[in-house]
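Asker:
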Amino acid sequence: MSLEHPLLQFEDEHGNITLTFDIQKGHYVIIDKNITKYLPSGMAVSFKTTLNNVKGTVESSESENGPTGEGVKTASANELVIFNPGEKDVSQNVCITFEKASADFIATTEESKKRVAGLAFLVGAVKEYFQQHAELKYFVAGVSNKYDRESGSDFLQPRSFRFNTLKGKTKNDESALCMWISVKEGTNRPESYTQGFEGTFYADGLIPIPRGRTCSLIMHNDLLVKQFILPNLSKGFKGFKDDTSGKGGLNLSATMIAGDIDIKEMKKKESLSDPETTISFGDGIISKSNKISYTNKQQVKWKIDTVTGRIPGHEHGTTNLEFKWTATGSWKDKKTPGHPNLLGFDWAGDKNWTITKSAEDVHWWEAFGGASSKIPEPLQNLQVPSPNTKLEMNTLDYFLTTNLLYPGKHIFNADDPSSGSTDKGLAFPHDLILTGEIKIT
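The sequence shown runs 132 to 572 under the working numbering.
1. Name the two residues that bound the continuous beta strand (DSSP E) containing Gln-514.
2. Let me check understanding here. Comparing Cα to Cα, which of Ile-388, Val-271, Asp-414, Thr-409 lies closest to Ser-402?
3. Under a three-way DSSP split, which group does Gln-288 fall into?
4. Using the Cβ count rule (16 or more neighbours within 10 Å means buried), how would you classify Lys-372?
5. At what residue ranges does the region 236-295 contain a whole run of the alpha helix (DSSP H), taking only runs of 4 or more?
6. Give me whichever residues DSSP pairs with Lys-168 in a beta bridge.
7. Relative to the alpha-carbon of Ser-552, which residue among Gln-288, Phe-543, Leu-565 has its alpha-carbon at the smallest distance?
8. Out of Ser-384, Ala-385, Lys-399, point me to the one whose CA is closest to Asp-391's CA.
9. Quick check: Glu-266 and Thr-240, are their CB atoms within less than 8 angstroms of each other?
10. Where Ala-234 and Thr-180 are concerned, what is the direct C-alpha to C-alpha distance, given to the nearest angstrom?
11. Would you mind listing the beta strand (DSSP E) stretches within the region 425-479 that are 3+ residues and don't spill past its ends, in chain order?
12. Could you give the C-beta distance for Lys-570 and Asn-544, rounded to a whole number, given that I count them as a contact under 8 angstroms?
13. So is Phe-252 buried or exposed if we call it buried at 16+ other beta carbons inside 10 Å?
14. Going straight from the alpha carbon of Phe-412 to that of Pro-560, what length do you get?
15. Would you give the residue range spanned by the beta strand (DSSP E) that Asp-393 belongs to?
16. What is the residue span of the beta strand (DSSP E) that Leu-348 lies within?
17. Got a sec, what are the start and stop residues for the beta strand (DSSP E) Asn-382 sits in?
18. With a threshold of 16 other CB atoms inside 10 Å of the CB of Ser-133, please say whether the residue is buried or exposed.
19. Would you please state the rounded distance, in angstroms, between the beta carbons of Thr-487 and Glu-281? I believe it to be under 8 angstroms.
20. Is Ile-506 helix, strand or coil by DSSP?
21. If you pair each beta-carbon of the region 171-180 with each one of the region 145-153, do three or more pairs fall below 8 angstroms?
22. For Leu-381, which residues from the same chain have a beta carbon less than 6 angstroms from its beta carbon, with the 5 sequence-adjacent residues on both sides left out?
23. Would you list the residues sitting across from Glu-568 in a DSSP beta bridge?
24. Give the range of the alpha helix (DSSP H) segment to which Leu-364 is assigned.
25. According to DSSP, which residues form a beta bridge with Gly-152?
26. What three-state label does DSSP hand Val-225 in the structure shown?
27. Rounded to whole angstroms, what is the Cα-Cα separation between Glu-135 and Val-185?
28. If you run the structure through DSSP and keep just helix, strand and coil, what is Asp-353?
29. Note down the Cα distance separating Ile-360 from Glu-230, rounded to an integer number of angstroms.
30. Do the region 504-511 and the region 427-435 meet, that is, are 3 or more Cβ pairs less than 8 angstroms apart?
31. For the beta strand (DSSP E) that contains Phe-490, what are its first and last residues?
32. Use the C-beta contact count for Gln-358: other C-beta atoms within 10 angstroms, 16 or more gives buried, fewer gives exposed.
33. In whole angstroms, what is the alpha-carbon distance linking Arg-246 and Thr-345?
34. DSSP on Glu-497, reduced to helix/strand/coil?
35. If you follow the beta strand (DSSP E) that Phe-559 is in, where does it begin and where does it stop?
36. Which class does Met-397 belong to by DSSP, given the choice of helix, strand or coil?
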């Protein structure tokens, strides 16, 4: 028989699957009569079987020996497997097992329906062939600890792994394979990777892939903040406080690390360590609310000597100044040919401060003493350069969490996180969600 590529269906939450191959062509020989019989068109062979978590090192799904290493170890769906940090070039792979598979022929045309019942004697031979020649060689997905990181990127190192499957509540719902990977320093609990972690989503029964896409990447809030956001923001800020309070996205306050601002017109240098800076990452798709904001209010009391005729005098008053500086940020796809899964974030800061000016009101009788509600020319034309805080952020290399083998030639091809689409891309409601497609490289 010559078979088409199979259709893989996830049947429940425990790794049970149905694998269906359309038969391109096939025949069998009745040896004692030397008669060749051809299979009718419109037939398929179906296997009901399971997925297994297999440890080993694989070059591709076409490896003759399948997973290699110190013996092949398998684990079932929902079973936690811990990576040994001392082992090199090790992968954990989700494989289709045919060890206990049941097989059957399926007819899809009237002609094949008439003949399929008479072909039952072939089912046992087909099942035996797959058990002997295909066991643990169909790799669906995997994660590896071997990877050459991109220079200047933050790196995710897997520590433990498990998988499960999800099936929608109705026949029209999609189903999904879920890979759960605990990474080094990914949570606030260092020992967490050795413990079982919940393999379900908060929304019960929800398939975490938008319609029209084939996959999505979900990064836990702890991992994203601890491994990526805070280490990068620490180049320009310190003393972080989390002000999110259960809202979506992320809201922080921190002290800016920058040189004092020299305001010559005020004859002073102003420190930016107080008040605190607010930093926010928006929660929506294509969010425009990623912002760093610093505001400082100053009150300037001024006095100018005047001469009216030959009579000396003076004017004086109070000017209120509000200095505001902001930077806006956006998520970016930073992939390169050698590193296809790089996520970046770019900040663009104001070149100058936005300065709002207002004069304190004076009573009419105060004017006789020289009080004025005007704003002096030096303060009207006040310009202050932007702070020299560091806003550069490394890229996040998330390849290890999405090393899909499918079968050795496919990767997670992320949607543009800065596109204008509301159907795909990146969102940050609490955990970060990035949609994408499985594509041949």
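Ideal Cβ positions, reconstructed from N, Cα and C, are used throughout, including at glycine.
Answerer: The relevant details are as follows:
1. No beta strand (DSSP E) holds Gln-514; DSSP gives it neither H nor E.
2. Ile-388
3. coil
4. exposed
5. 241-247, 251-264
6. Tyr-159
7. Leu-565
8. Lys-399
9. no
10. 9 angstroms
11. 442-464
12. 4 angstroms
13. exposed
14. 10 angstroms
15. 392-394
16. 346-350
17. 381-387
18. exposed
19. The Cβ separation is near 43 angstroms, so there is no contact.
20. coil
21. yes
22. Thr-375, Phe-412
23. Asn-544
24. 361-364
25. For clarity, residue 152 is Phe in the given sequence; the question names Gly instead. Partner(s): Val-176.
26. strand
27. 25 angstroms
28. helix
29. 45 angstroms
30. yes
31. Position check: residue 490 holds Ala in this sequence, whereas Phe was assumed. Unbroken beta strand (DSSP E) run through Ala-490: 485-490.
32. buried
33. 36 angstroms
34. helix
35. Neither: Phe-559 is in no beta strand (DSSP E) and is coded neither H nor E.
36. helix
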